[in-house]
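A.B. asks: Handing you a structure now.
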Amino acid sequence: MTGAPGTSAQAAVGESYLTHGRGIGSWLFSLDHKRIGIMYLALIAFSLFLGGVFAMVVRFHLWNPSGGLVSNDAYNKMFTLHGAVMIFLFVIPGIPSAMGNFVVPLMVGAKDVAFPRVNLLSFWLFVAGAVLFVATLVVGGIDTGWTLYPPYSLESSRGLGILLALTGVFLAGFSSILTGVNFIATIHRMRAPGQGWFDLPLFLWALYATGIIQIFATPVLGITVALGFLERVFHLGIFMPEYGGDPVLFQHFFWFYSHPAVYIMILPAMGIVSEVVAVFSRKPIFGYRFIAMSSIAIAVIGFLVWGHHMFVSGQSRWANVIFSFLTLLVAIPSAIKTFNWLATLYKGHIVLKTPMLYVLSFFAIFGVGGLTGLFLGALATDIPLHDTYFVVAHFHFVMVGAVMIAFLSGLFYWWPKMTGRMYDERLGVASAVLVFLGFNVTFIPQFLAGTQGMPRRYATYAEQFVGMNRVSTVGAVLLAAGLLVALWAFVASLRSGARAPANPWGGATLEWATTSPPPHDNFAVAPRGTRPYDYRGLRQEPGQAGWVPVGGEGAR
Amino acid sequence: MTSHTSDSLAPGHATHVLSPRVLLGTAASLMALTALTVATSRIDLGEWNVVLALGIACTKAGIVALFFMHLKYENRFQLVVLVAAALFAALFVAFVVFDTVQYQPDIRAAEQQARPAGG
Amino acid sequence: MSDHAGGHAATGTPEQRFLAHHFRDMDAQLQTSKLGIWLFLGSEVLFFSGLFVAYGVYRANHYALFHYAHHFLDWRMGALNTVVLVSSSLSAAWSVRCAQLGDRRGLRLTLLLTLLLAGTFLVVKYFEYSHKLHAGITWGAGCRPSPEILATLPASVQALPVPRDLGTFFSIYYLMTGLHGIHVLVGMGLYLWLIGRATRGDFGPGYYVPVDAVALYWHLVDMIWIFLFPLLYLI
Chain A
1 MTGAPGTSAQ AAVGESYLTH GRGIGSWLFS LDHKRIGIMY LALIAFSLFL GGVFAMVVRF
61 HLWNPSGGLV SNDAYNKMFT LHGAVMIFLF VIPGIPSAMG NFVVPLMVGA KDVAFPRVNL
121 LSFWLFVAGA VLFVATLVVG GIDTGWTLYP PYSLESSRGL GILLALTGVF LAGFSSILTG
181 VNFIATIHRM RAPGQGWFDL PLFLWALYAT GIIQIFATPV LGITVALGFL ERVFHLGIFM
241 PEYGGDPVLF QHFFWFYSHP AVYIMILPAM GIVSEVVAVF SRKPIFGYRF IAMSSIAIAV
301 IGFLVWGHHM FVSGQSRWAN VIFSFLTLLV AIPSAIKTFN WLATLYKGHI VLKTPMLYVL
361 SFFAIFGVGG LTGLFLGALA TDIPLHDTYF VVAHFHFVMV GAVMIAFLSG LFYWWPKMTG
421 RMYDERLGVA SAVLVFLGFN VTFIPQFLAG TQGMPRRYAT YAEQFVGMNR VSTVGAVLLA
481 AGLLVALWAF VASLRSGARA PANPWGGATL EWATTSPPPH DNFAVAPRGT RPYDYRGLRQ
541 EPGQAGWVPV GGEGAR
Chain B
557 MTSHTSDSLA PGHATHVLSP RVLLGTAASL MALTALTVAT SRIDLGEWNV VLALGIACTK
617 AGIVALFFMH LKYENRFQLV VLVAAALFAA LFVAFVVFDT VQYQPDIRAA EQQARPAGG
Chain C
676 MSDHAGGHAA TGTPEQRFLA HHFRDMDAQL QTSKLGIWLF LGSEVLFFSG LFVAYGVYRA
736 NHYALFHYAH HFLDWRMGAL NTVVLVSSSL SAAWSVRCAQ LGDRRGLRLT LLLTLLLAGT
796 FLVVKYFEYS HKLHAGITWG AGCRPSPEIL ATLPASVQAL PVPRDLGTFF SIYYLMTGLH
856 GIHVLVGMGL YLWLIGRATR GDFGPGYYVP VDAVALYWHL VDMIWIFLFP LLYLI
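Protein chains in written order, with this note's numbering: chain A, 1 to 556; chain B, 557 to 675; chain C, 676 to 910.
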């Protein structure tokens, strides 16, 4: 009996998407959302590795107050590339493009995203953008910080590097817009029969909210970098004071995108948390509608707060006050989500598998990351803390501690679905523990250094910070070790992992209703919508067979 | 004036075909408003010229959207998309212009200070 | 309505061959594609919004400069192009009607007319650009209007000194009209493609998604110009 449901179902629905079509061309030009998702995943994992290497160089350079591992110029290039690669090639596209592409059509019971060709185009635009980033490195790198602020970034002495980077951002941006269009159209129009808006898994609500930001904010990034490019080449006088331009205008442009982009990063992460916390508490998610609506609220309020990055940039006093007030409003929907997740845990049958361990660390870290955001959103406390390591620690708590950890949680959660293989639970748990410890050891000292006034982005620092910096570097090594263990778990799973059943965790969302890995057309029979968090219709089989529906029918 | 080619289409999604009268009427009103905006710009109303020109332009854009782009007859969500985009764009323009006007005196003051020092 | 109207009476029409495998039926495909193109247009609005911000900021800070600079632009050229573009929009909207009614001849005719009007717009734009560039009206700090063109300005304007940052206005002018012009060029490519497909007989009442989508894009291009014309040429 064990293993039988998976294999017999597989025979009935035909070959898995992994073997449907052979040869490298059948992957590179595939219109299958699952293959495109896997290709994104590979590229994004590589970007994480690259950004991680830059981060390690930065951390080891800061072992001594006077630096010394690399030259100070090289250090400036390292932290710039670390930021740019991590943000544009890992954190922003990570969850939506890699996991969203794989999961969205499955969750609505569709055969593919609404526009498969656009999806492929989006992937190749992203590849082109990533290649230009790497090319930046080859032509000597850039040292402007990932924010690319003029006048420094657009000085006439700058060569090819900045132009390549701007073009890379432009292309990656358009890739992101097209992904957003695809997701919103798919969620609107391709839902399974009987799947109403409030039967959508919360991951889809999160991606829907993300899509709003991708569509309405990312084009502003596009025009910003296009203007930067033209300013550098033609001296238009838009951003550069020496030609009559206004550099603060660049910051308005940049943050009109880049602040909402923070929510492009965190909302999908919150979506994963909503899925995993319910499945591994064996309890319907608490406050479904509140979590769904708070995603939309975060997306909309997120458009109104960009000026809090510019409190000390020469922005007017009135704008400072208004933006500070609006910024604090974001705390409300974020807190609504957090409390609902905690209420979901309450009296649940919590299963401490790897994805859940990551989600529990998400709660701890996102709590700190979110609350320290209030310090920075409040005008009075931001001014002394601005551009210190407090800011660095804050956004790493949110972008690494929350987003990367949710990314790993989602990857462990959907890995069996993507590959058809289970991973070694011991390795998964080890990676979760190491990542959590390493993360905190790395970034808690940075909060302390920041409150004592250590400025960010310098290659050297005052003697008094040496202890904190060394602890932080040790933490970074632990964190890297945790990521390597996770990589080991995945590679070992591909080589010798046990066959995954269709539903290893007992999820009630539609992606678990098909085989692992899914067939080319996703479902043997087009499914009907289910209640995504109703687990009463599922029963755990002994051994490795996972969960199966009670009786023959689905949960509804 | 509304004809539907609904034979091969699912119920509830009747396709709307614009009649020649609506098409020509839309174009004619756009032309008339173009003439109006040119005419009003010749009168000096100070800053009100901008307001008037933008008002006419918004009206024209609305006419294009409602008739040429079928928004009047379409699924409501399409309208939401366009209005949301227009609102975000308006917010962006309005807030940055508001801010830049506010901090100009600071820049002037800084320039004044820099000049004697530089000279 | 037309002699081709019989084509869509039978369901399972030849147009079914354009149904992508992941849609339930032609209607689902049409509605989804429409939504997709609208989302893209929303994105386009925000893409242009950056340039409107730049316009607003520099106009607010240099009101006199903007008032001075617009005298260099010939409103008659701008008005002519507005008429051309509105006509092309009419023609584009008509092409959707023809496709919906299965009027193949009318469809080819209106598509061709749209393409020609778009070309006319760019020809007018070309004359405007080349005239300005010859008269030394370029962007940024390089903007030095020639004495000949200064002599053509109204007497009250000639009396004023040439403002220092005149080039900033023209940077914005070239950016806005240039980005718009690129969109016109892309639109011409799309209409060329549509004409090819219409000639092959691809479109009819059962399948006209591309005609509709390109027309929507084209109307947006028209809409942007509706704002650019008064902001740059008139005030």
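For each residue, glycine too, the CB sits at the ideal point set by N, CA and C. Quick caveat, the model's predicted, so the values are computed rather than measured.
Looking at chain C, is there any beta carbon in it that lies within less than 7 Å of the beta carbon of Thr593 (chain B)?
C.D. replies: Output row for Thr593 (chain B): interface = yes.
A.B. asks: Ignore the nearest five residues each way along the sequence and tell me which others in Ala206 (chain A)'s own chain have a CB closer than 6 Å to its CB.
C.D. replies: Answer for Ala206 (chain A): Leu267, Pro268, Met270, Gly271 and Ser295, listed in chain order.
A.B. asks: By the three-class DSSP mapping on this structure, what secondary structure does Gly196 (chain A) have?
C.D. replies: Of the three classes helix, strand and coil, the one that applies to Gly196 (chain A) here is coil, per DSSP.
A.B. asks: Look up Gly879 (chain C) in the DSSP assignment and say whether it is helix, strand or coil.
C.D. replies: If DSSP states are grouped into helix, strand and coil, Gly879 (chain C) belongs with the strands.
A.B. asks: Quick check: the Cα distance between Met404 (chain A) and Leu411 (chain A), rounded to an integer number of angstroms?
C.D. replies: Their Cα atoms are separated by approximately 10 Å.
A.B. asks: Can you name the start and end residues of the alpha helix (DSSP H) that Leu808 (chain C) belongs to?
C.D. replies: First-last of the alpha helix (DSSP H) with Leu808 (chain C): Arg779 to His809.
A.B. asks: Are there 16 or more other CB atoms within 10 angstroms of the CB of Val607 (chain B), so buried, or fewer, so exposed?
C.D. replies: Looking at its Cβ environment, which holds fewer than 16 other Cβ atoms inside 10 Å, Val607 (chain B) is exposed.
A.B. asks: Mind checking if Tyr659 (chain B) is an interface residue toward chain A, Cβ cutoff 7 Å exclusive?
C.D. replies: Chain A, which has a Cβ nearer than 7 Å to the Cβ of Tyr659 (chain B), makes this yes.
A.B. asks: Using a Cβ-Cβ cut-off of 7 Å (strictly less than) and excluding sequence neighbours within five positions of Cys773 (chain C), which residues of its own chain qualify?
C.D. replies: Answer for Cys773 (chain C): Gly781, Leu782 and Thr785, listed in chain order.
A.B. asks: Cβ of Thr561 (chain B) less than 7 Å from any chain C Cβ?
C.D. replies: The predicted position of Thr561 (chain B) is uncertain, since its pLDDT is 38 and thus under 50; no value can be drawn from it.
A.B. asks: Output, in chain order, the set of chain B residues within a Cβ distance shorter than 8 Å of Asn756 (chain C).
C.D. replies: In chain order: nothing, as chain B lies at least about 10 Å away.
A.B. asks: Residues of chain A with CB under 8 Å from Ala729 (chain C), in chain order?
C.D. replies: Under the 8 Å cutoff, chain A gives Leu227, Ile238 and Leu249.
A.B. asks: For Val276 (chain A), is the classification buried or exposed, using 16 other Cβ atoms within 10 angstroms of its Cβ as the cut-off for buried?
C.D. replies: It counts as buried.
A.B. asks: Along the alpha helix (DSSP H) that carries Leu148 (chain A), what are the first and last residues, could you check?
C.D. replies: Note, Leu148 (chain A): premise wrong, no alpha helix (DSSP H); not H, not E.
A.B. asks: Roughly how far, in whole angstroms, is the beta-carbon of Ala459 (chain A) from the beta-carbon of Tyr75 (chain A), given that I think they are within contact range, below 8 Å?
C.D. replies: The pair is a contact, with the Cβ atoms about 4 Å apart (cut-off 8 Å).
A.B. asks: With a cut-off of 7 Å, does the C-beta of Val732 (chain C) fall near any C-beta of chain A?
C.D. replies: By this cut-off, Val732 (chain C) is an interface position.
A.B. asks: Taking only beta-carbon positions, decide if Ser677 (chain C) is within less than 7 Å of chain A.
C.D. replies: Confidence at Ser677 (chain C) is low in this model, with a pLDDT of 36, below 50, so the placement of that residue should be treated as unreliable; the coordinate-derived value is given next. Ser677 (chain C) does not count as touching chain A.
A.B. asks: Rounded to whole angstroms, what is the Cα-Cα separation between Ser274 (chain A) and Trp341 (chain A)?
C.D. replies: Roughly 7 Å between the two C-alpha positions.
A.B. asks: Would a check of beta-carbon distances place Gly314 (chain A) closer than 7 Å to chain B?
C.D. replies: Output row for Gly314 (chain A): interface = yes.
A.B. asks: Output, in chain order, the set of chain B residues within a Cβ distance shorter than 8 Å of Phe216 (chain A).
C.D. replies: In chain order: Ala640, Ala641 and Phe644.
A.B. asks: Should Ala114 (chain A) be flagged as near chain C, meaning a C-beta pair shorter than 7 Å?
C.D. replies: By this cut-off, Ala114 (chain A) is an interface position.
A.B. asks: Who are the Cβ neighbours of Gly842 (chain C) in its own chain at under 8 Å, not counting the five residues just before and after it?
C.D. replies: Correct list, in chain order: Thr813, Trp814, Gly815, Ala816, Gly817 and Cys818.
A.B. asks: Mind listing the chain C neighbours of Ala583 (chain B)? Cutoff is C-beta to C-beta under 8 Å, in chain order.
C.D. replies: Correct list: Val761, Ser762, Ser764 and Leu765.
A.B. asks: How about Val429 (chain A) and Thr354 (chain A): do their beta carbons lie closer than 7 Å?
C.D. replies: Cβ distance < 7 Å, so Val429 (chain A) and Thr354 (chain A) count as in contact.
A.B. asks: Any heavy atom of the ligand FAD within a distance shorter than 6 Å of the CB on Tyr75 (chain A)?
C.D. replies: Ligands in the displayed structure: none, and consequently the ligand FAD is not present.
A.B. asks: Does Phe747 (chain C) come within less than 7 Å of chain B when only Cβ atoms are used?
C.D. replies: Closer than 7 Å: no.
A.B. asks: Just list the residues that DSSP pairs Gln564 (chain A) with in beta bridges.
C.D. replies: Residue 564 (chain A) lies beyond the stretch modelled for chain A, which goes from 1 to 556, so this question has no answer here.
A.B. asks: How should Phe802 (chain C) be labelled, buried or exposed, when 16 other C-beta atoms within 10 angstroms of its C-beta is the threshold for buried?
C.D. replies: Flag for Phe802 (chain C) reads exposed.
A.B. asks: Please report how far the alpha carbon of Val108 (chain A) lies from the alpha carbon of Ile187 (chain A), in whole angstroms.
C.D. replies: Near 7 Å, if we compare the C-alpha coordinates of Ile187 (chain A) and Val108 (chain A).
A.B. asks: Within 7 Å (strictly less), CB to CB, does Gly568 (chain B) reach chain A?
C.D. replies: Here Gly568 (chain B) scores only 40 on pLDDT, less than 50, and its place in the model should not be relied on; the value that follows carries that caveat. No, its Cβ sits nowhere closer than 7 Å to a Cβ of chain A.
A.B. asks: Cβ closer than 9 Å: which chain C residues qualify as neighbours of Leu622 (chain B)?
C.D. replies: Those do not exist, as Leu622 (chain B) stays about 11 Å from chain C at its closest Cβ, beyond 9 Å.
A.B. asks: Given 8 Å as the limit, is there contact between the stretch 225–243 of chain A and the stretch 186–203 of chain A, that is, 3 or more CB pairs closer than that?
C.D. replies: Judged by Cβ distances under 8 Å, the stretch 225–243 of chain A makes no contact with the stretch 186–203 of chain A, as fewer than three pairs qualify.
A.B. asks: What separation, rounded to the nearest whole angstrom, lies between the Cα atoms of Val70 (chain A) and Arg317 (chain A)?
C.D. replies: Computed Cα separation, rounded: 41 Å.
A.B. asks: Consult DSSP for Ser313 (chain A) and reduce its assignment to one of helix, strand or coil.
C.D. replies: Of the three classes helix, strand and coil, the one that applies to Ser313 (chain A) here is coil, per DSSP.
A.B. asks: Please state the DSSP three-state secondary structure of Ser764 (chain C).
C.D. replies: Of the three classes helix, strand and coil, the one that applies to Ser764 (chain C) here is helix, per DSSP.
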